[in-house]
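Trainee:
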Amino acid sequence: MVYDIKQIVSSNAKLDSTYRRMVSKCNWVNLYYGIASQQIRENNFKKVVEVGIGYGVHAKEMLDNTELEHLYLVDPSIPYEGDLFSKDILNNLNGFNNLLKNIYINLENHSHRYTHFRQPSISITNYEIPDNSVDLVFLDGDHSYDAVSKDLPFWYAKLRPGGFLLGDDYASCHPETRKAVDEFVSSNGYFMDLLKKPGNKYPIYKIVKE
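If you're matching positions, the sequence shown starts at 66 in our numbering and goes up one per residue.
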């Protein structure tokens, strides 16, 4: 049976109808969902961080399709100026508290396997997520140049040696993300790979911690 995350969400009557409709129209699923899960399975990763959780559907996809021991979700869940996703949540879903209500319902089967830190990404302490402790980080938070430039070294430090730093919006409508990533890679002498779903040109960047 083919795994269809949109159908799973659409058929969950506990969720608000507006949330279900918004997820059904979300193109992120087709662009890159499954890439991180494949990396997790192939490398038997157990501890993963997602920075920026959107509708929470990528988190569910990873939890449904891997044997992760724990997924740390980091997102202050507040609106960003000029951000279309924030505008949609405020205008159509009555704000971020209601979004989170739906996300938590959607993840209720995995309640023991995830933690949501509702706070800015670089405010995470070593007590909450220690340095050199995480197998994989997926960056998809604030896409501004300043934010990405701060997120990259901060979350690279959280990875254990050999851990993977993956991220979204490298080649899309967020050129500031690409600029920050390219500068981070070149200034540190790192190697970056681009991962894509079969038949899809949308890239997810990947940096392996040395």
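Quick reminder that beta carbons are idealized off the backbone N, C-alpha and C, glycines included.
Which residue from Gly232, Tyr98, Lys125 puts its Cα closest to that of Ile168?
Mentor: It is Lys125 whose Cα lies nearest to the Cα of Ile168.
Trainee: Whole angstroms are fine: how far does the CA of Lys112 sit from the CA of Thr131?
Mentor: Straight-line Cα distance between these residues: approximately 11 Å.
Trainee: According to the Cβ coordinates, are Leu260 and Ile269 closer than 9 Å?
Mentor: Yes, the Cβ-Cβ distance between Leu260 and Ile269 is below 9 Å.
Trainee: With 16 as the cutoff for other CB atoms within 10 Å, does Ser251 come out buried or exposed?
Mentor: Its Cβ having fewer than 16 others within 10 Å, Ser251 is exposed.
Trainee: By DSSP's criteria, Val74 is part of a beta bridge. Which residues make up the other side?
Mentor: DSSP, once it has assigned bridges, lists no residue as partnering Val74.
Trainee: Give the single residue among Leu201, Leu217, Val213 whose Cα lies nearest to the Cα of Gly228.
Mentor: It is Leu201 whose Cα lies nearest to the Cα of Gly228.
Trainee: Is the distance from the Cβ of Ser237 to the Cβ of Gly206 below 9 Å?
Mentor: Not a contact, by the Cβ cut-off of 9 Å.
Trainee: Take Gly194 and list the residues in its own chain whose beta-carbon comes closer than 7 Å to its own, dropping the five residues that flank it on each side.
Mentor: The amino acid occupying residue 194 in the given sequence is Ile; Gly does not appear at that position. Contacts found: Val114, Tyr137, Lys223.
Trainee: Kindly identify the DSSP beta-bridge partner or partners of Val139.
Mentor: Val116, Phe182.
Trainee: Check this for me: beta carbons of Ile189 and Phe161, under 9 Å apart or not?
Mentor: No, the Cβ-Cβ distance between Ile189 and Phe161 is not below 9 Å.
Trainee: Please check the pair Ala245 and Leu204, which I expect to be a contact at CB under 8 Å, by giving their CB distance rounded to whole angstroms.
Mentor: Going by Cβ atoms, the distance from Ala245 to Leu204 rounds to 10 Å, so no, they are not a contact pair.
Trainee: CB-CB under 6 Å to His239, same chain, minus the five flanking residues each way: which ones, in chain order?
Mentor: Around His239: His208.
Trainee: Would you mind stating whether Ile118 and Val139 have Cβ atoms separated by less than 9 Å?
Mentor: Yes, these two residues count as a Cβ contact at 9 Å.
Trainee: Can you grab the Cα-Cα spacing for the pair Lys90 / Asn108, in whole Å?
Mentor: In a straight line, the C-alpha of Lys90 is about 31 Å away from that of Asn108.
Trainee: Kindly indicate which three-state DSSP category Leu155 falls into: helix, strand or coil?
Mentor: Of the three classes helix, strand and coil, the one that applies to Leu155 here is helix, per DSSP.
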